[in-house]
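**Q** Please see the structure below; I have some questions.
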Amino acid sequence: MPAAERQQYIQMLREFPEQFAALVRPFTDEQLECRVAEGEWSIRQIVHHVADSHMNANNRFRLPLTEDNPPLPGYDQDKYALQPDYALPLEISLSILPGLHARWVALLESLTEEQWNRTAVHGEWGQVTVEEVARRYAGHGINHINQINTIRAKHGF
Ligand code: NI
6 MPAAERQQYI QMLREFPEQF AALVRPFTDE QLECRVAEGE WSIRQIVHHV
56 ADSHMNANNR FRLPLTEDNP PLPGYDQDKY ALQPDYALPL EISLSILPGL
106 HARWVALLES LTEEQWNRTA VHGEWGQVTV EEVARRYAGH GINHINQINT
156 IRAKHGF
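At position 152 of the sequence shown the residue is numbered 157 (our numbering), and the sequence of numbers has no breaks.
See below:
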């Protein structure tokens, strides 16, 4: 994989916390309860999900860097999204992301070729490299920004 793509993932992970916060901070409490369809996540749930997902992802970067081909535990994100803390103000989760992403960026910028290619095994993804994990989480943030923009378009705000 060309180094330019790795740099692109790092850049996306660097920019995400600010980009995400700028998108969701202006929403009213009413807008935060909007969803694309009944049974889907509200914007508020999406924001808390992103924080939980990226806290979990922290291990998915660090385990393969420190163990040989470790398993990456999964979790039930829909059940997570029903926990009472998913109703908290957004700022609580938004405050988690900048430090977390700054750590990832510093870590990823330090990696050698050998480290980018270290592996782990995920239940659904199969065997993945550290690079693949970076690609997935760079995309994960963007996917949820797109999802929120879809909700906005549907509800006209
Ligand atoms: Ni997600």
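The C-beta atom is built at its ideal place from N, Cα and C for all residues, glycine as well.
Bear in mind the structure is a predicted one, so any value in this text is a computation, not a measurement.
1) How about the region 79-88 and the region 16-35: do they share at least three Cβ pairs that are nearer than 8 Å?
2) Give the DSSP-derived three-state secondary structure of T155 in the structure shown.
3) Under 8 Å by Cβ, that's how I've got L105 and H59 pegged, so tell me the actual separation to the nearest angstrom.
4) Excluding five sequence neighbours on each side, which residues of the same chain lie with their C-beta closer than 7 Å to the C-beta of A56?
5) Closer than 7 Å between the C-beta and any heavy atom of the ligand COA: which residues qualify, listed along the chain?
6) For S47, which residues does DSSP report across the bridge?
7) Strictly by DSSP, which residues pair up with P76?
8) Taking C-alpha atoms, which residue in G146, N154 and R157 lies nearest to M17?
9) Is it right to say E137 is buried, meaning 16 or more other beta carbons lie within 10 angstroms of its own, or is it exposed?
10) Check whether the Cβ atoms of A125 and L68 lie closer than 7 Å to each other.
11) Let me make sure I understand the geometry here. Which of I48, H160, G128 and I15 has the alpha-carbon closest to that of H149?
12) Can you tell me whether T71 is helix, strand or coil according to DSSP?
**A** With the given structure in hand:
1) no
2) Indexing the sequence shown from 1 puts residue 155 at position 150. Note: T155 maps to helix in three-state DSSP.
3) Position 100 of the sequence shown, counted from the start, is the residue given in the question as residue 105. Position 54 of the sequence shown, counted from the start, is the residue given in the question as residue 59. 6 Å between Cβ atoms; contact.
4) For the purposes of this step, residue 56 is taken as the residue at position 51 of the sequence shown. Same-chain partners within the cutoff: S98, I101 and L102.
5) Among the ligands present in this structure, namely the ligand NI, the ligand COA is not found.
6) Taking the first residue of the sequence shown as position 1, residue 47 is located at position 42. R40, per the DSSP bridge assignment.
7) As a position in the sequence shown, residue 76 is number 71, starting the count at 1. DSSP output for P76 lists V126 as bridge partner(s).
8) Along the sequence shown, read from residue 1 onward, the residue named residue 17 stands at position 12. Closest option to M17, Cα to Cα, is G146.
9) Position 132 of the sequence shown, counting from 1, holds the residue named residue 137. Burial call: buried.
10) In the sequence shown, counting from the first residue as 1, residue 125 sits at position 120. In the sequence shown, counting from the first residue as 1, residue 68 sits at position 63. Cβ atoms of A125 and L68: closer than 7 Å.
11) The sequence position of residue 149 within the sequence shown is 144, counting from 1. That would be I48, whose Cα lies nearest to the Cα of H149.
12) Locating residue 71 in the sequence shown gives position 66, counting from the first residue. Correct three-state label for T71: helix.
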